[in-house]
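What follows is a set of notes on a single structure, which appears directly below.
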Amino acid sequence: MVSLIIPNEIFFLHILEELNSFHAVKIPVKGSSMLPFIRPLSDEIELTGLNEESITKGNIVLARTSENKFIVHRIEKVEKDVITLRGDGNLSLREQCDKKNIFAEVTAVYKKKRTIRKGSFEWNLAKECWFSSPLLRRIYLKIDRSMKNLFYFLIVVAFLVACSGPRGMVKIEMEGNEAAQEDSVEYELVVFDTGFETWYALQNSPARYRSQQYYEGWNQQYVSEWNYLATQPRRRSFFQPIVGYEPGVDYGFELNHKLFYYFQYVERVLRIPILSNHPSGVIY
C-alpha cells in the first residue's frame with residue numbers, strides 16, 4: 080500500500096474550496112488537542128460553513144492562527160475581531176486569530192458507533208462542563224490514558240451533578256386516560272435534576288429492594304418536611320413543593336422507590352439536609 084501525504088496547507092485549501100461551494104466536509108482527526116471530546120485516528124468531524132452564531136464562545140471552529148497554522152479548536156473568548164482559541168486537550172496553550180480567519184464550524188463528531196451532533200446533550204455537556212483549570216485537565220487526561228471507559232463514565236456523572244438544570248423540582252404526573260378505571264391509573268415521577276437519573280441507575284438494584292410500605296413510610300415523612308422547607312424564605316431557592324404525593328394513594332413500588340432514592344440523593348450527594356433522622360441500613 081502506498082500512502083500519499085498531503086501538506087496541511089494544501090489539504091485545508093481544498094477543504095475551503097468545498098466549503099465555499101456550500102458543501103459540508105467530513106475529515107478524519109489526527110491531533111490529540113481536542114481530547115477527550117474528539118479522539119485522534121478513530122473520530123471524524125464534519126465541517127460546515129459559518130452562520131451568524133458560529134463565532135461564539137464554546138463553538139469548535141476551523142481557523143488559521145496568527146502563526147499561519149490551520150487548527151480545529153474551541154473558541155474560548157471573542158473580543159471584537161480577535162478570537163482566542165483553546166483545544167480541550169491543551170492545558171494552558173491558547174491561540175489567537177482574526178475573526179476573518181475563521182473559515183468553518185464543526186457541527187458533528189463521528190465516532191465508531193454513534194454520531195454526536197451540535198446541540199445534542201453530549202455535545203452541550205462537553206461545551207459547558209469541560210474543565211477550564213489546567214490542573215483538572217491534567218488529572219483527567221492522565222487517568223484517561225489508562226482507564227478511558229470507566230473514568231469517562233464517572234466524570235459524566237460528576238458533570239451531570241455539577242451542571243444539571245434546576246434542582247429541587249419534583250412532580251408526580253398521571254399517565255394515561257383520566258377516564259380509566261382507578262386500578263389502571265399509572266403515575267410517573269418527574270425529576271428536573273439530570274444528575275439524579277445517572278446516579279439512580281447505579282443504585283437501582285433488585286438485591287437492595289425493601290417493601291413498598293417501607294418506601295411509602297419514609298416518603299411521607301420526606302414529602303411533609305420537604306414541602307415545609309419550601310415555605311421557608313432561606314430554603315425556597317432549592318425546595319419546591321412536591322406536587323401530587325398524597326397519603327393513601329397507591330403510587331406503586333417503582334415510583335415510591337425512585338422518590339425515596341431522590342431524597343437520599345439530595346441528602347447524600349448534594350449534601351442538603353431534609354430530615355433530622357435518616358433511614359438506616361440503606362446501601363450505596
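Just so we're aligned, residue 80 is where the sequence shown starts under the numbering used here, counting upward by one. We put the CB at the ideal spot given by N, CA and C, even for glycine.
Considering F200, what are the terminal residues of the alpha helix (DSSP H) in which it resides?
F200 to C208
Helix, strand or coil: how does DSSP classify I117 here?
coil
Going by beta carbon distance, what residues of the same chain come within less than 6 Å of Y279, once the five residues before and after it are set aside?
Y340
Could you tell me the boundaries of the beta strand (DSSP E) in which Y189 lies?
I181 to Y189
Helix, strand or coil for P245? Go by DSSP, reduced to three states.
With a pLDDT of 46 at P245, under the threshold of 50, the modelled position of that residue is not reliable, and the figure given next carries that caveat. Note: P245 maps to coil in three-state DSSP.
Suppose you measure from the CA of E261 to the CA of H336; what does that come to, to the nearest Å?
Annotation note: pLDDT 42 at E261 (below 50); position unreliable, no value reported.
Would you check if there are 3 or more beta carbon pairs closer than 8 Å linking the stretch 108 to 117 to the stretch 125 to 132?
no
I'd like the list of long-range same chain contacts for I150, defined as Cβ closer than 7 Å, with 5 residues on each side in sequence excluded.
A142, T144, L164 and E174
To the nearest angstrom, how far is it from the Cα of W297 to the Cα of S171?
49 Å
Quick one: what's got a C-beta closer than 8 Å to V269's C-beta in the same chain, skipping five residues either side?
V249, K250, I251 and E252
On the three-state DSSP scale, how would you describe H152?
strand
Reduced DSSP category for T135 - H, G, I as helix; E, B as strand; rest coil:
coil
Are the CB atoms of K178 and D167 nearer to each other than 8 Å?
no
For P358, three-class secondary structure by DSSP
coil
Contacting residues, own chain, Cβ-Cβ under 8 Å from E146 (five flanking each side not counted)
E174
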